[in-house]
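As you go down the protein sequences, you meet chains A and B in turn. Residue 391 in our numbering sits at position 173 of the first sequence, and the numbers go up by one each step. Residue 309 in our numbering sits at position 91 of the second sequence, and the numbers go up by one each step. Glycine included, every Cβ here is placed at the ideal spot set by N, Cα and C. What you are looking at is a predicted structure, and each value in this text was computed from that prediction instead of being measured. Report on the following structure.
There are 2 protein chains.
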Amino acid sequence: MLVWERPEPPNRPVPAPLSRELIVRAAIRLADADGLEAVSLRKVATVLDVRPMRLYGYIAGKEELLDLMVDAVHAEIRPVGEGRREVLRSLAEATRHAVHEHEWLADLLGGRPQLGPHALAGGEAVVAALDGVDVDAVMPVVAAVNAYAIGAVRREVAERRAERATGMDEKRWQASLGSYLERTFATGRFPALATVVRDAAHLDADHTFRIGLDFLLDGIEARIGR
Amino acid sequence: MLVWERPEPPNRPVPAPLSRELIVRAAIRLADADGLEAVSLRKVATVLDVRPMRLYGYIAGKEELLDLMVDAVHAEIRPVGEGRREVLRSLAEATRHAVHEHEWLADLLGGRPQLGPHALAGGEAVVAALDGVDVDAVMPVVAAVNAYAIGAVRREVAERRAERATGMDEKRWQASLGSYLERTFATGRFPALATVVRDAAHLDADHTFRIGLDFLLDGIEARIGR
DNA sequence: CTGTGATCGATACAGTGTATCGATCAGTAC
DNA sequence: GTACTGATCGATACACTGTATCGATCACAG
Chain A
219 MLVWERPEPP NRPVPAPLSR ELIVRAAIRL ADADGLEAVS LRKVATVLDV RPMRLYGYIA
279 GKEELLDLMV DAVHAEIRPV GEGRREVLRS LAEATRHAVH EHEWLADLLG GRPQLGPHAL
339 AGGEAVVAAL DGVDVDAVMP VVAAVNAYAI GAVRREVAER RAERATGMDE KRWQASLGSY
399 LERTFATGRF PALATVVRDA AHLDADHTFR IGLDFLLDGI EARIGR
Chain B
219 MLVWERPEPP NRPVPAPLSR ELIVRAAIRL ADADGLEAVS LRKVATVLDV RPMRLYGYIA
279 GKEELLDLMV DAVHAEIRPV GEGRREVLRS LAEATRHAVH EHEWLADLLG GRPQLGPHAL
339 AGGEAVVAAL DGVDVDAVMP VVAAVNAYAI GAVRREVAER RAERATGMDE KRWQASLGSY
399 LERTFATGRF PALATVVRDA AHLDADHTFR IGLDFLLDGI EARIGR
């Protein structure tokens with residue numbers, strides 16, 4: 219082996235510039251495209267043309283990356299409109315809309331306290347718009363709307379995924395779910411449930427979300443006024 | 219090497235009896251003790267004194283195991299009491315209670331469709347107890363209560379975990395969170411939020427859950443009667 | 001030119017879910 | 001009894017994960 223053959227010079231002409239924001243954006247793109255389980259530090263690093271350990275100079279670890287992703291998307295969740303009811307309704311709808319654009323959000327929302335800057339800014343906007351409401355009532359009201367939105371959106375995403383998992387085709391899913399339920403109901407163990415599933419009108423996701431939200435907003439309005 | 223030294227006879231005197239239920243129970247014990255991330259097929263197998271691949275004779279994979287765990291706990295979630303409001307309230311409280319006993323449930327609830335036998339049996343019990351309600355209204359009402367319960371309970375667990383993560387001590391957590399918020403609020407970017415956090419009474423988890431639930435139940439009662 | 005402190009990333013480690021496939025068994029046919 | 005068959009089981013292996021360690025490399029201070 220030739221002694222004077224030096225190993226390739228480190229070849230670090232332009233160390234790819236990096237920042238928390240670039241990392242978070244790359245992670246979000248990965249999650250949007252292929253789901254949360256496609257987000258690994260190695261893949262994020264690859265996308266950014268960087269070696270994995272480099273990321274640890276900007277983030278503490280994967281958990282923090284997930285937190286940062288959630289907070290980044292919180293920038294899109296803002297109430298609009300006027301009047302208490304409209305503000306709260308739009309808050310819930312904005313949450314749902316954000317989850318539609320970032321399905322992985324359903325897996326993370328509510329999983330950890332939301333104290334990032336964008337989440338706090340969203341909270342500020344809501345609380346400010348609820349000006350005039352009894353100060354002791356504000357947090358419970360906002361918390362309730364958030365809780366409903368998160369739970370409802372999780373169920374919605376879960377159903378959508380189950381559909382896709384059985385082969386991309388909605389009709390086929392309805393059929394296979396239907397036949398499974400019919401077989402189960404044929405045992406006679408769930409008579410009341412069977413009646414409802416068979417006889418009730420099947421609402422689409424939009425209506426289901428809005429009906430539940432209206433229940434909640436009705437109850438809130440009755441206590442804090444409009 | 220001695221040719222007549224046979225390798226130890228397979229030493230399979232009593233192949234540990236196994237079943238889906240044993241596997242699921244072992245997994246639940248692990249999750250109860252150390253959280254969901256402590257549930258791995260290898261650890262479950264170890265606890266059952268079995269080699270990992272053996273499990274695949276009873277379950278299709280880890281995802282199915284998680285589904286089975288959730289359905290098993292659904293056996294504990296049943297409405298009690300009489301009257302529509304009381305049935306729905308107890309449903310939500312039962313969900314919350316189950317999560318208190320199995321904190322990992324907060325990570326899974328709502329994440330996938332609940333079509334297992336115990337979940338369906340719970341649905342049957344609720345629907346049966348709502349006898350007399352307009353058939354088209356039953357599912358939206360139950361879905362709304364479930365959505366609220368799941369979302370609320372996730373937030374509650376998230377807060378509890380954040381407390382524990384900063385060192386087991388609640389006072390210290392309150393202090394560190396408080397100082398973080400104070401520092402953040404000192405920037406003046408969240409004036410409305412700051413006012414509410416500073417001036418409003420801080421409710422404990424029980425009250426917060428019940429207040430939000432009452433909002434929702436009020437709204438429901440106004441539409442479907444009591 | 002010579003330290004020196006910071007930065008970076010190759011390597012390694014312990015862990016994961018699960019596909020593969022040879023070893024081993026009970027049961028049946030002769 | 002022996003020979004075959006089909007089912008069962010699990011050792012091994014693979015690809016992948018998050019991240020700790022630590023030597024190599026750099027810009028810069030003296």
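Bounding residues of the alpha helix (DSSP H) (the contiguous stretch that carries residue i)
i, result
"S308(A)", "R302 to E319"
"I442(A)", "A423 to I442"
"Y276(B)", "Y276(B) -> no alpha helix (DSSP H), and no H or E assigned at all."
"H420(B)", "Run containing H420(B): none; DSSP gives neither H nor E here."
"L284(A)", "K280 to H292"
"E381(A)", "V353 to A383"
"V344(B)", "P335 to A347"
"E255(B)", "Run containing E255(B): none; DSSP gives neither H nor E here."
"L236(A)", "Where L236(A) is concerned, there is no enclosing alpha helix (DSSP H), given that its DSSP letter is neither H nor E."
"D325(B)", "L323 to L326"
Beta-carbon neighbours of residue i, restricted to chain A and to distances below 8 Å
i, result
"D325(B)", "G329"
"V353(B)", "T413, V414, D417 and A418"
"R247(B)", "Residues of chain A passing the Cβ test: none, with the nearest at roughly 23 Å."
"A380(B)", "R330 and P331"
"G341(B)", "F408 and L411"
"A393(B)", "The contacting residues do not exist; A393(B) stays about 15 Å from chain A at best."
"A361(B)", "A370, R373, T426 and G430"
Buried versus exposed call for residue i [16 or more other C-beta atoms within 10 Å across all chains shown]
i, result
"D285(B)", "buried"
"A419(B)", "exposed"
"Y398(A)", "exposed"
"E223(A)", "Confidence at E223(A) is low in this model, with a pLDDT of 41, below 50, so the placement of that residue should be treated as unreliable; the coordinate-derived value is given next. Classification of E223(A): exposed, given that the 10 Å Cβ count is below 16."
"H292(B)", "buried"
"T405(B)", "exposed"
"S237(A)", "exposed"
"G437(B)", "buried"
"F433(A)", "buried"
"S258(B)", "exposed"
"V371(B)", "buried"
"D267(A)", "exposed"
"H320(A)", "buried"
"P297(A)", "buried"
"E311(A)", "buried"
"G430(B)", "buried"
"E255(A)", "exposed"
Neighbour list for residue i in chain B, Cβ cutoff strictly below 7 Å
i, result
"L259(A)", "None at all; the shortest Cβ gap to chain B is about 17 Å."
"A365(A)", "Y366, G369, A370, R373 and G430"
"V345(A)", "A410, L411 and V414"
"I438(A)", "F433"
Beta carbon proximity, residue i to chain B, threshold 8 Å
i, result
"T288(A)", "Reading off the sequence, residue 288(A) comes out as Val, not Thr. No, V288(A) does not count as interfacial toward chain B."
Any C-beta of chain A under 8 Å from that of residue i
i, result
"T402(B)", "yes"
"V305(B)", "no"
"R302(B)", "no"
"I241(B)", "no"
"R296(B)", "no"
"R238(B)", "no"
"L284(B)", "no"
"R441(B)", "yes"
"P235(B)", "no"
Contacts of residue i in chain B (Cβ-Cβ under 8 Å)
i, result
"V356(A)", "V414 and A418"
"E377(A)", "P331"
Chain-ordered chain B contacts of residue i [CB-CB under 9 Å]
i, result
"E319(A)", "By Cβ distance, chain B contributes nothing, its closest Cβ being about 19 Å from E319(A), past 9 Å."
"A337(A)", "Chain B residues near A337(A): none, gap ~11 Å exceeds 9 Å."
Name, going along the chain, the residues of the stretch 404-427 of chain A whose beta-carbon falls closer than 9 Å to a beta-carbon of chain B. So the list reads R407, F408, P409, A410, L411, A412, T413, V414, V415, D417, A418, A419, H420, L421, H425, T426 and F427, given in the order they occur along the chain.
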